[in-house]
């Protein structure tokens, strides 16, 4: 790997790092785990950089690696991450700031979805277009639209359930 | 109830978390690459070392009995085959392509873990039995000059250890490994099914 590739890698990291980190956060629901996953994604980006031929957009390529890395991280017990909300209300009442709590509820709601649904909805929340999500996940666009419709409904219901608590 | 656009606004309002330093990520990436290559080199070195060791042993020590040669041969073949299996696993893991279709990735992962399950349970037990058999054959000549009482003590201790290892440790190990990999296989299957639903 030469200097050029190192610079290319650094540029990709600066540009896509924050997006990938949010995707990982959506998937894991945990900042520390998201950071580990982010590093893992960019390790894979580095390993595969020489294979990128520019057939797809670089963003699609990196998101594909991110999605696969998230799925690849299947290790032990069920990969459902629980986002702890128990301490949150007291904390945010005293700070009279409801927004952070709502964001936590959103993460909690996402963490209750199935693994692939978590990835799809996080990509959508990141405002990745339908055709790009279809290309990243290799799900047909028609099927994806049906899936997204269902996931949106599910997410809203779960979010409302926790918002009422 | 919030609609999806509210949730999207909420998502975009998240505070950005500081990214880890790019140089440390790059250093990490290089290290991972090196470690994986080292693993392959180690496995290949073990394979070569075993062959050299066996050839050297045959040359240096003047064994007479066929059982000894059979024992050493069996030991060498068992280690060789098992190291080759481990090498295959490292290469199999290295070849998993994270830029491919996620469905293919899931199938590759399922295949990898099914094989790992087989290696960690059945193949490990076969390895254990063959190695012990090889030692029994090897010791039949080596123990000949030893007094009878010591021969009996060595055989009893060896058999006791073998039975303990096979029936207690082996069984426990098999259950643990089977459970561990089976959970992963089940998760992968579950994701696969949901992915296509």
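Protein chains in written order, with the working numbering: chain W, 1472 to 1636; chain F, 29 to 225.
Cβ coordinates follow ideal geometry from the N, Cα and C atoms, glycine included.
Residues of its chain near residue i, where Cβ-Cβ distance is below 8 Å and the 5 sequence neighbours each way are ignored
i	result
residue 93 of chain F	168, 169
residue 1480 of chain W	1513, 1516, 1517, 1520
residue 1578 of chain W	1496, 1497, 1500, 1554
residue 106 of chain F	155, 158, 159, 162
residue 130 of chain F	223
residue 1502 of chain W	1496
residue 134 of chain F	216, 219, 220, 223
residue 1523 of chain W	1529, 1532
Closer than 7 Å at the beta carbon, the chain C residues around residue i
i	result
residue 131 of chain F	Here the protein chains are W and F, and chain C is not one of them.
Alpha helix (DSSP H) segment containing residue i, residue limits
i	result
residue 1578 of chain W	1570–1582
residue 12 of chain F	Nothing about residue 12 of chain F can be read from this structure; chain F reaches only from 29 to 225.
residue 105 of chain F	94–122
residue 1511 of chain W	1502–1519
residue 1497 of chain W	1474–1499
residue 194 of chain F	Careful: residue 194 of chain F lies outside any alpha helix (DSSP H) and carries neither H nor E.
residue 131 of chain F	130–146
residue 54 of chain F	50–88
residue 163 of chain F	152–170
residue 1629 of chain W	1612–1635
residue 125 of chain F	Neither: residue 125 of chain F is in no alpha helix (DSSP H) and is coded neither H nor E.
residue 1526 of chain W	Where residue 1526 of chain W is concerned, there is no enclosing alpha helix (DSSP H), given that its DSSP letter is neither H nor E.
residue 1593 of chain W	1586–1596
residue 1607 of chain W	1601–1608
Residues near residue i by beta carbon distance below 7 Å, same chain, minus five either side
i	result
residue 53 of chain F	none
residue 121 of chain F	140
residue 1611 of chain W	1605
residue 91 of chain F	97, 169
residue 1603 of chain W	1531
residue 1607 of chain W	1531, 1534, 1535, 1538, 1594
residue 148 of chain F	205, 209
residue 1591 of chain W	1604, 1608, 1618, 1619, 1622
residue 1484 of chain W	1513
residue 1630 of chain W	1576, 1577, 1580
residue 1627 of chain W	none
residue 1487 of chain W	1530, 1533
Proximal residues to residue i (C-beta, below 6 Å), its chain only, five neighbours per side dropped
i	result
residue 1543 of chain W	none
residue 124 of chain F	136
residue 1558 of chain W	Confidence at residue 1558 of chain W is low in this model, with a pLDDT of 47, below 50, so its placement is unreliable and no value can be given for it.
residue 74 of chain F	111
residue 212 of chain F	141
residue 187 of chain F	none
residue 117 of chain F	none
residue 67 of chain F	118
residue 164 of chain F	none
residue 1491 of chain W	1509, 1512, 1537
residue 35 of chain F	none
residue 190 of chain F	160
residue 95 of chain F	165, 168
Worksheet item: Any contact of the region 1491–1504 of chain W with the region 1583–1599 of chain W, i.e. 3+ C-beta pairs under 8 Å?
Response: In this structure the region 1491–1504 of chain W lies against the region 1583–1599 of chain W, because at least three pairs of beta carbons, one per stretch, are closer than 8 Å.
Worksheet item: Per the contact definition of three or more C-beta pairs closer than 8 Å, is the region 1576–1594 of chain W in contact with the region 213–223 of chain F?
Response: Yes, since at least three Cβ pairs between the region 213–223 of chain F and the region 1576–1594 of chain W fall closer than 8 Å, the two stretches touch.
Item to complete: Can you give me, in chain order, the residues of the region 1485–1502 of chain W that have a beta carbon less than 9 Å from any beta carbon in chain F?
Response: Look at the region 1485–1502 of chain W: the residues with a C-beta under 9 Å from a C-beta of chain F are 1485, 1488, 1489, 1492, 1493, 1496, 1497, 1502.
Discussion item. Against chain F, which members of the region 1527–1542 of chain W pass a CB distance test of less than 8 Å?
Written reply: Result list: 1532, 1535, 1536, 1538, 1539, 1540, 1542.
Fill in: Inter-stretch contact (C-beta, 8 Å, three-pair minimum) for the region 85–92 of chain F and the region 130–149 of chain F
With the rule of 3 Cβ pairs closer than 8 Å, the region 85–92 of chain F does not count as touching the region 130–149 of chain F.
Fill in: Inter-stretch contact (C-beta, 8 Å, three-pair minimum) for the region 193–204 of chain F and the region 147–155 of chain F
With a cut-off of 8 Å on Cβ pairs, the region 193–204 of chain F is in contact with the region 147–155 of chain F, counting three or more such pairs.
Worksheet item: Any residues in the region 1584–1603 of chain W with a beta carbon nearer than 7 Å to a beta carbon of chain F? Which ones, in chain order?
Response: Going along the region 1584–1603 of chain W in chain order, one finds 1585, 1586, 1587, 1596 with a Cβ nearer than 7 Å to chain F.
Worksheet entry | Selection of the region 61–89 of chain F by Cβ proximity to chain W, strictly under 8 Å | Cβ contacts with chain W come from 61.
Discussion item. What are the residues in the region 34–56 of chain F lying within 7 Å of chain W by C-beta distance?
Written reply: Residues 35, 36, 38, 39, 41, 42, 44, 45, 47, 48, 50, 53, 54, 56.
Worksheet item: Does the count of Cβ pairs from the region 36–50 of chain F and the region 1612–1627 of chain W closer than 8 Å reach three?
Response: Segments in contact, no.
Worksheet item: In the region 110–138 of chain F, which residues sit with their C-beta less than 9 Å from some C-beta in chain W, listed in chain order?
Response: When C-beta distances to chain W are compared with 9 Å, the residues of the region 110–138 of chain F below that value are 124, 125, 126, 127, 128, 129, 130, 131, 132, 133, 134, 137, in chain order.
Discussion item. Output needed in chain order: residues of the region 182–204 of chain F with a Cβ under 8 Å from some Cβ in chain W.
Written reply: With the criterion set as a beta carbon lying under 8 Å from some beta carbon of chain W, the region 182–204 of chain F has no members that meet it.
Worksheet item: Relative to chain F, which residues along the region 1566–1582 of chain W have a C-beta separation below 7 Å, given in chain order?
Response: Cβ contacts with chain F: 1570, 1573, 1574, 1577.
Discussion item. Below 8 Å, how does it come out for the region 102–113 of chain F and the region 169–183 of chain F: are there three or more Cβ pairs, yes or no?
Written reply: Contact fails: fewer than three Cβ-Cβ distances are below 8 Å.
Practice prompt. Select from the region 1510–1529 of chain W all residues with a C-beta closer than 7 Å to any C-beta belonging to chain F, and list them in chain order.
Written response: Shown in chain order are the members of the region 1510–1529 of chain W whose Cβ falls below 7 Å from a Cβ of chain F: 1510, 1513, 1514, 1515, 1517, 1518, 1519, 1522.
Practice prompt. Would you check if the region 1525–1533 of chain W and the region 1626–1635 of chain W touch, i.e. whether three or more CB-CB distances between them fall below 8 Å?
Written response: The region 1626–1635 of chain W makes no contact with the region 1525–1533 of chain W: fewer than 3 CB pairs, one atom from each, lie closer than 8 Å.
Worksheet entry | chain F contacts from the region 1625–1636 of chain W (Cβ-Cβ distance under 9 Å) | Within the region 1625–1636 of chain W, the qualifying residues are 1626, 1627, 1628, 1630, 1631, 1634.
Discussion item. Please identify, using Cβ separations under 9 Å, the residues of the region 145–172 of chain F that lie next to chain W, in order along the chain.
Written reply: Answer set for the region 145–172 of chain F: empty.
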